[in-house]
Amino acid sequence: MKLYKSIIYTMLLMGVLLSCSKDRGESPNGEVAELQLTLPSVSMRAGALFTDKGDQKIETVRIFVFNQKGNNIDAQKLFKADTEDFKNPFTMEAHVGTKDIYVVANEPSELTDQLEKVVFVSDLKALTMPNKDDKNMIATPLTMVGDIKNIELKAEGKTEATVTLTRVVAKITLDLKQATDEEAEVKILNASIDRLPKHSTLFPKDGWALSDSWTYTQQKEMKLTNKAEFTPYIADNTLYVYENLGSAQDSTSRAPRLTITALYNGIETTYHAYINDDKATGATKHYCLERNHHYKLQGTITKLGEFSALLLSTKVLPWNVEELEKNFLEPKMTGIKPQPDLSAEPKNYTSGKKPLTYEVRLKASEGKKWAATVTNGLEFEVVITPKDGGAAVTKGEADGKTEYTVVVKPRKDFDPSKSRTTELYFTVEGKEVVLTGQGESQRKTRITITQTLNA
9 MKLYKSIIYT
19 MLLMGVLLSC
29 SKDRGESPNG
39 EVAELQLTLP
49 SVSMRAGALF
59 TDKGDQKIET
69 VRIFVFNQKG
79 NNIDAQKLFK
89 ADTEDFKNPF
99 TMEAHVGTKD
109 IYVVANEPSE
119 LTDQLEKVVF
129 VSDLKALTMP
139 NKDDKNMIAT
149 PLTMVGDIKN
159 IELKAEGKTE
169 ATVTLTRVVA
179 KITLDLKQAT
189 DEEAEVKILN
199 ASIDRLPKHS
209 TLFPKDGWAL
219 SDSWTYTQQK
229 EMKLTNKAEF
239 TPYIADNTLY
249 VYENLGSAQD
259 STSRAPRLTI
269 TALYNGIETT
279 YHAYINDDKA
289 TGATKHYCLE
299 RNHHYKLQGT
309 ITKLGEFSAL
319 LLSTKVLPWN
329 VEELEKNFLE
339 PKMTGIKPQP
349 DLSAEPKNYT
359 SGKKPLTYEV
369 RLKASEGKKW
379 AATVTNGLEF
389 EVVITPKDGG
399 AAVTKGEADG
409 KTEYTVVVKP
419 RKDFDPSKSR
429 TTELYFTVEG
439 KEVVLTGQGE
449 SQRKTRITIT
459 QTLNA
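Under the working numbering, think of the first position of the sequence shown as 9, with each following residue one higher.
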């Protein structure tokens, strides 16, 4: 009987695989198409691929092409560092038809076998990251994922697509300072953060509830000086964690908590506070830890007292919109003409005959300079020149007064069969300048630009 069951199961499995093969490419004659996929926040440095911030090396890139009809696999390919085809944009073959594309960069070795066996989109979304805790913490290079839907692969020429990668983890840092009425002596002994998830899904999932958790502890003595600036205690690029989303109903019952043990005039005391305890909307959800965000904790010790004596603020920053260093002036766009379209369906166009031109002024700390960058440097270029005349420059003075002309133009002739887009953004010391939006979740830093025949 067991033998018959095994045979029936095998026949069913073969039926599924044959149906996948039949639907492959959604093309009646199985026409082959060439996909050219660009990762816009990745660039080549010293022969290796890094994120634009330079904090993340890319070791592997796995691309999945799924048929939209049936959600089954059409093609997948793994690109590895130090091989001939490991370059951005990445090129691979699939089949003609409407596709959904998913990308996994820096895949954990524990998931490689499962990724290779993916047949349906649901298989991919069901995968979970390896369990992590204080004895097996998340290390670099960090895993990143991304996807794009409704890509029409054609038999003629290359079909171009762009996928933005996001990290599957969040980052936590902690800065501390003393602000007491009396000249007390405060020495930090240790700090810990509990209710950190041990596991996570590979791709985002709404309401990923906290189950098994772990506690991170930093054991380091540090003496504080009253009224001084914040001092780092959990440094940058030290603590990476899986997201803790929960739901609207469970808040403090699963919210991550910070506990600090210190000596206050020789008396051992413990301080407690919830992380992300500020009222928040949009991406910065109350008590939550979301992937691809930096949780910048700043704790101020004011007196003895378990709860009220520690003032903890949580700044929630999208990973690519980091703040400048302490006491630096946050850069601002003090003037840009014409106003770019930053809507969900932007209408910013450029062409060979009429390149897109902006007149811009930026303000940052004294002596700082700004740069303008396009994400798709293969098909677009950006040129900066002083408005009052002179040769092109690579960077502009961020004094808030000097005006520059920024021109974005295509490198290739217009092709109606291809959709060519790029993003223009401005940086000061590698940090992206916010163009609009007051809250963290409302910030916008990039201008999407499309090539047309006549802009």
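In this text, a Cβ means the ideal position worked out from N, Cα and C, and glycines have one as well. Here the structure is a predicted model, which means the values were calculated and not measured.
Give me, in chain order, the residues of the same chain whose beta-carbon lies closer than 7 angstroms to that of residue i; leave out the 5 immediate sequence neighbours on both sides.
{"i": "residue 206", "result": "139, 140, 141, 220, 221 and 222"}
{"i": "residue 361", "result": "462"}
{"i": "residue 172", "result": "48, 49 and 154"}
{"i": "residue 453", "result": "329, 433, 440, 441, 442 and 443"}
{"i": "residue 224", "result": "142, 200, 201, 204 and 247"}
{"i": "residue 277", "result": "270 and 312"}
{"i": "residue 122", "result": "135"}
{"i": "residue 273", "result": "192 and 193"}
{"i": "residue 69", "result": "87, 98, 111 and 113"}
Thinking C-alpha only, which one of the options is nearest residue i?
{"i": "residue 124", "options": "174, 72, 186 and 153", "result": "72"}
{"i": "residue 490", "options": "39, 459, 149 and 163", "result": "The structure shown does not extend to residue 490, since the chain is modelled only from 9 through 463, so no value can be given for it."}
{"i": "residue 229", "options": "246, 199 and 452", "result": "199"}
{"i": "residue 237", "options": "211, 169 and 307", "result": "307"}
{"i": "residue 321", "options": "154, 152 and 305", "result": "305"}
{"i": "residue 196", "options": "109, 184, 204 and 83", "result": "184"}
{"i": "residue 409", "options": "394, 281 and 422", "result": "394"}
{"i": "residue 451", "options": "380, 208 and 351", "result": "351"}
{"i": "residue 84", "options": "91, 108 and 342", "result": "108"}
{"i": "residue 252", "options": "208, 282, 267 and 132", "result": "208"}
{"i": "residue 391", "options": "404, 132, 415 and 131", "result": "415"}
{"i": "residue 192", "options": "158, 174 and 233", "result": "233"}
{"i": "residue 366", "options": "106, 411, 310 and 91", "result": "411"}
{"i": "residue 88", "options": "56, 436 and 317", "result": "56"}
{"i": "residue 436", "options": "402, 424 and 379", "result": "379"}
{"i": "residue 158", "options": "170, 66, 147 and 339", "result": "170"}
{"i": "residue 235", "options": "174, 316 and 309", "result": "309"}
{"i": "residue 430", "options": "91, 316 and 383", "result": "383"}
{"i": "residue 280", "options": "318, 272, 262 and 294", "result": "318"}
{"i": "residue 129", "options": "342, 296, 387 and 74", "result": "74"}
{"i": "residue 262", "options": "296, 249 and 244", "result": "296"}
{"i": "residue 316", "options": "340, 93 and 282", "result": "282"}
{"i": "residue 368", "options": "387, 340, 389 and 385", "result": "340"}
{"i": "residue 51", "options": "303, 386 and 418", "result": "386"}
{"i": "residue 325", "options": "344, 343 and 299", "result": "299"}
{"i": "residue 93", "options": "78, 358 and 67", "result": "67"}
{"i": "residue 90", "options": "106, 404, 65 and 78", "result": "65"}
{"i": "residue 244", "options": "327, 214 and 268", "result": "327"}
{"i": "residue 403", "options": "426, 370 and 174", "result": "370"}
Let's test the definition: count the other Cβ atoms within 10 Å of the Cβ of residue i and tell me whether it reaches 16, buried, or not, exposed.
{"i": "residue 301", "result": "buried"}
{"i": "residue 372", "result": "buried"}
{"i": "residue 240", "result": "exposed"}
{"i": "residue 29", "result": "Only weak support is given to the placement of residue 29: the predicted model assigns it a pLDDT of 38, under 50, and the question is left unresolved by the model."}
{"i": "residue 398", "result": "exposed"}
{"i": "residue 457", "result": "buried"}
{"i": "residue 275", "result": "exposed"}
{"i": "residue 118", "result": "exposed"}
{"i": "residue 82", "result": "buried"}
{"i": "residue 95", "result": "exposed"}
{"i": "residue 115", "result": "buried"}
{"i": "residue 406", "result": "buried"}
{"i": "residue 231", "result": "exposed"}
{"i": "residue 15", "result": "Unreliable placement is indicated for residue 15, whose pLDDT of 46 sits below 50; no coordinate value is reported for it."}
{"i": "residue 148", "result": "exposed"}
{"i": "residue 374", "result": "exposed"}
{"i": "residue 264", "result": "buried"}
{"i": "residue 168", "result": "buried"}
{"i": "residue 284", "result": "buried"}
{"i": "residue 179", "result": "buried"}
Leaving out five residues on either side along the sequence, give the residues of the same chain with a beta carbon under 6 angstroms from the beta carbon of residue i.
{"i": "residue 348", "result": "356 and 455"}
{"i": "residue 242", "result": "181, 182 and 226"}
{"i": "residue 17", "result": "Its pLDDT being 43, under 50, residue 17 is placed unreliably by the model, and nothing is read from it."}
{"i": "residue 401", "result": "392"}
{"i": "residue 423", "result": "none"}
Can you list, in chain order, the residues of its chain with a C-beta nearer than 8 angstroms to that of residue i? Leave out the 5 residues immediately preceding and following it.
{"i": "residue 210", "result": "112, 119, 132, 133, 135, 136, 137, 151, 153 and 176"}
{"i": "residue 346", "result": "366"}
{"i": "residue 146", "result": "140, 177, 248, 249 and 250"}
{"i": "residue 419", "result": "386, 387, 388 and 389"}
{"i": "residue 364", "result": "356, 357, 358, 415, 416, 417, 457 and 463"}
So, is the C-beta of residue i closer than 9 angstroms to a C-beta in chain D?
{"i": "residue 116", "result": "Absent from the structure: chain D. Only one protein chain is present."}
*So does the segment 96-115 actually touch the segment 40-48, counting three or more Cβ pairs closer than 8 angstroms?*
Segment contact: the segment 96-115 against the segment 40-48, three or more CB-CB distances shorter than 8 angstroms; contact assigned.
*Which residue spans inside the segment 136-192 form an unbroken beta strand (DSSP E) run of at least 3?*
152-161, 166-170 and 178-186
*How about the segment 177-196 and the segment 154-162: do they share at least three Cβ pairs that are nearer than 8 angstroms?*
no
*Those runs of the beta strand (DSSP E) which lie wholly inside the segment 373-400 and span at least 3 residues*: 377-382 and 388-394
*Which ranges does the beta strand (DSSP E) cover as unbroken runs of at least 3 residues, wholly within the segment 401-432, from first to last along the chain?*
Runs of the beta strand (DSSP E) lying entirely within the segment 401-432, each at least 3 residues long, are 412-418 in chain order.
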